[in-house]
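In the working numbering, the protein residues as written are 232 to 517. Don't be surprised by glycine CBs; every beta carbon is placed ideally from N, CA and C. Everything numeric in this text was worked out from a predicted model, so none of it was measured.
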Amino acid sequence: MSDPVRQSQGIQSVEIGTRLLQALASCGRSMLLRDLSRSAGMPAAKARRYLVSFIRMGLVEQDANTGRYDLGGFALELGLASLARLDPVRLAGPLLEDLCERSGETVALAMWGNRGATCVRWLEAGGPVTVTLRTGVVLPLISSATGLAFVAFYRSPYLRKMLDAEIEAAAAARQATPAALRSALAVQLDEIRRHGIARAAGSVTPGVNGFSAPVFNHAGRMVAAVTLLGIIGSFDMDWDSPTAQLTKEAAAALSRRLGHGGCEGGAGQSPSANAVAGSGGGATPA
C-alpha cells in the first residue's frame, strides 16, 4: 500500500534544502561549502542560499574564521527534544513482534529496574511447546542470558552489589569459593563481549535455551536487553546460529531507533573484568 504522506503535496524546496542538513549530520564534523554542496548534490551557489536561511533559523552556523558550516543551536535543541521522547518499550513493540514471527520463539524485552534486570514485555510464539515469562519478573544476573547481558554491558554500582550477593549465595550453594566463580565468570563475560550477545542453557523452567543481546542508547549506554527463548533440542545455541543473529539484529535495530550509531558486536560501555563476579555455569536462558 502506498504511503499517503508521500503522495501528499509538499514543499519541494524544503525537501531539497534538507539534504544539506542531512549531509552535515552524516559527516560528523564541520564542512566547507564545496564539500557540503557536493554531498547534497547541488551547486554551491544554490547551497549557499539555503545555508543563509538555515543560519537565520539557527539550524546551521558558520565559523567566521574558517568559513566552515556546522549544525547550529536549534538543530541541537531539536535533536535533544527527539531523544527525550524516545521510549524503548514503545519502540521495541514492532521489533519484538517481527523477531517472534521470524524466529518462531518466545521473545522478551528487559530493562534495569530497582530490583535488577526486569522483564517489561514479552511475546509468546504460541507453538506446541511454549516458553512463558511474566512482566515484572526479575532475572538472576549470573544464571540467565538476560542477566549476563546486563553484567557484560551495563554499568551500575547497584549491579555490582547485586552481583556480589549472588556470587556469595552461589558459592555457598555449590561449595565453591567466590574467587573461583569470579574467575570463571570473567572468562564467560569476555566471550559474551567478543560475540556481542549472551547465551544460557537450562532454565528455572528446565529444558529452555536463551540468547540475550544488549540495546544501547544515543550515548552508547545499555538501556535494555532483547531476549530470545526456545526449547532445548530445537533451539540452536551456536554463537553464529540464525537464532543468535536474529536476536542481535533486533537489538541493533532498536539501538538505532534510540540514536545509537554503532551497536554491533560488543559496542557500548561495560564494566571491567575486575569489577564483576559470578558463577561459571548453570545459567538459565531468560
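Looking only at C-alpha atoms, which of the options sits nearest to residue i?
i, options, result
"S374", "T366, A415, L354", "A415"
"C258", "Q293, A271, V368, E246", "A271"
"L330", "R321, A417, A356, A348", "A356"
"G347", "G335, F381, A339", "F381"
"R280", "A254, G248, V418", "G248"
"L307", "Q406, A404, L255", "L255"
"P445", "N296, I428, D294", "I428"
"A528", "V454, M453, N440", "With the chain represented from 232 up to 517, any question about residue 528 goes unanswered, as that position is not in the structure."
"I463", "G433, H449, R260, R352", "G433"
Is residue i helix, strand or coil when you go by DSSP?
i, result
"L459", "strand"
"A450", "coil"
"L302", "strand"
"G259", "coil"
"A339", "strand"
"L282", "helix"
"G493", "In this prediction, G493 has a pLDDT of 46, which is less than 50 and means its spatial position is unreliable; what the coordinates show is noted afterwards. The answer is coil: DSSP assigns G493 none of H, G, I, E or B."
"E355", "coil"
"G310", "helix"
"P371", "coil"
"T408", "coil"
"F384", "helix"
"A295", "coil"
"P445", "strand"
"R365", "coil"
"G433", "coil"
"G347", "strand"
Could you check how far apart the C-beta atoms of residue i and residue j are, in whole angstroms? I think they sit under 8 Å.
i, j, result
"A383", "L420", "5 Å"
"L477", "R333", "6 Å"
"A275", "S284", "That belief does not hold up - the Cβ atoms of A275 and S284 are roughly 16 Å apart, past 8 Å."
"F447", "S472", "F447 to S472, Cβ: 23 Å. No contact."
"L282", "A517", "Not confirmed; about 52 Å, so no contact."
"T408", "A402", "6 Å"
I'd like to check one pair, residue j with residue i: are the Cβ atoms closer than 8 Å?
i, j, result
"L319", "L489", "One point to set straight first is that residue 319 is Pro, not Leu, in the sequence displayed. Taking 8 Å as the Cβ cut-off, P319 and L489 qualify as a contacting pair."
"A376", "F442", "yes"
"F466", "E336", "yes"
"I423", "L379", "yes"
"H426", "G451", "no"
"M468", "R430", "yes"
"L252", "L290", "yes"
"Y385", "M453", "yes"
Meets three-Cβ-pair contact criterion under 8 Å: the segment 258-267 and the segment 297-305 | Judged by Cβ distances under 8 Å, the segment 258-267 makes contact with the segment 297-305, as three or more pairs qualify.
Taking 8 Å as the threshold, find out whether the segment 455-466 comes into contact with the segment 335-344 through three or more Cβ pairs.
-> As far as the Cβ criterion goes, the segment 455-466 touches the segment 335-344, which means the pair count is three or higher.
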